[in-house]
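Undergrad:
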Amino acid sequence: MLFWLLMLNGNRDFYSHDEAMLNLFPQHTQKTLVWGHWDQVPVTLKRQLEADPELRDARLEGEFEVYAVSKEHQFLGWTVLTEEFGKHQPMTIMVAIRPDYSVSGALLVTFRENRGYGIKHPKFQKQFNDKTTNDPIEVGIDIVHVSGSTISSRAMALGVRKALRVVAELNHAGYP
Numbered sequence: 003m004l005f006w007l008l009m010l011n012g013n014r015d016f017y018s019h020d021e022a023m024l025n026l027f028p029q030h031t032q033k034t035l036v037w038g039h040w041d042q043v044p045v046t047l048k049r050q051l052e053a054d055p056e057l058r059d060a061r062l063e064g065e066f067e068v069y070a071v072s073k074e075h076q077f078l079g080w081t082v083l084t085e086e087f088g089k090h091q092p093m094t095i096m097v098a099i100r101p102d103y104s105v106s107g108a109l110l111v112t113f114r115e116n117r118g119y120g121i122k123h124p125k126f127q128k129q130f131n132d133k134t135t136n137d138p139i140e141v142g143i144d145i146v147h148v149s150g151s152t153i154s155s156r157a158m159a160l161g162v163r164k165a166l167r168v169v170a171e172l173n174h175a176g177y178p
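Mapping of the sequence shown onto our numbering: position 144 corresponds to residue 146, and the numbering continues sequentially without gaps.
Shown next, in the form of structure tokens:
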């Protein structure tokens, strides 16, 4: 009975935020919040993201957190927690980005649809590893979608592109 209620509801939490961060940066000992909500992002950065043609469908609202992650005094990178729309509901993903601005991992944290959650599989998620802002990160170009999860696959790719752009702008603003 519980299984069917979950299937109808569609809400699946695969990781807590802390579990996702620990999975992406297992060696981290410290995290520093850079931004905890879209309202904290400078207006100029939001305008740049809105004007970016590769992010035209990106969700610039909802759940959003950016952390600088370190071990002792060694900077390890950033995590970006963000939402993108699947077919009807937003999904929450976390993207880990190294100091060289490449993706070290991407995880599906919460999925709210009753179909399309095939993107939770590691084989799909590993496609994002080592991607940078120089890569298209687009289904059908350098990302292979999951059968039955095409819309979700596109949404996750968009979320990873957005996370990379946000961190690139952090660099331009003088963050580590």
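Backbone N, C-alpha and C fix where the C-beta goes; we use that ideal spot for every residue, glycine too.
1) Quick one, which of N136, Q129, T135, V162 has its alpha-carbon nearest H147's?
2) Drop a sphere of 10 angstroms on the beta-carbon of T84, count the other beta-carbons inside from all chains shown, and report buried for 16 or more, exposed for fewer.
3) Assuming G120 and G150 are in contact, meaning their beta carbons sit under 8 Å apart, how far apart are those beta carbons, in whole angstroms?
4) Could you check where the beta strand (DSSP E) with P92 kicks off and where it finishes?
5) In whole angstroms, what is the alpha-carbon distance linking V168 and L51?
6) Excluding the 5 residues preceding and the 5 following A159 in the sequence, name in chain order all residues of the same chain whose CB lies nearer than 7 Å to its CB.
7) Quick check on the DSSP output: the beta strand (DSSP E) that includes K73 runs from which residue to which?
8) Do you know how far the Cα of Y17 is from the Cα of F5?
TA: From the atom records:
1) Locating residue 147 in the sequence shown gives position 145, where the first residue counts as 1. The shortest Cα separation from H147 among N136, Q129, T135, V162 belongs to Q129.
2) Here residue 84 refers to the residue found at position 82 when the sequence shown is read from its first residue. That one is buried.
3) Numbered from 1 along the sequence shown, position 118 holds the residue referred to as residue 120. Numbered from 1 along the sequence shown, position 148 holds the residue referred to as residue 150. Correct: roughly 6 Å between the Cβ atoms.
4) Reading the sequence shown from its first residue, position 90 is the one you call residue 92. That run of the beta strand (DSSP E) goes 92-99.
5) Here residue 168 refers to the residue found at position 166 of the sequence shown. Here residue 51 refers to the residue found at position 49 of the sequence shown. If I take the Cα positions, the gap works out to 8 Å.
6) As a position in the sequence shown, residue 159 is number 157, starting the count at 1. Same-chain partners within the cutoff: I139, E140, V141, I145.
7) Along the sequence shown, one-based indexing puts residue 73 at 71. Per DSSP, K73 is one residue of the beta strand (DSSP E) stretching across 66-73.
8) If you number the sequence shown from 1, residue 5 lands on position 3. If you number the sequence shown from 1, residue 17 lands on position 15. For F5, the predicted structure reports a pLDDT of 45, less than 50, and the residue's modelled location is therefore unreliable. The matter cannot be settled from this model.
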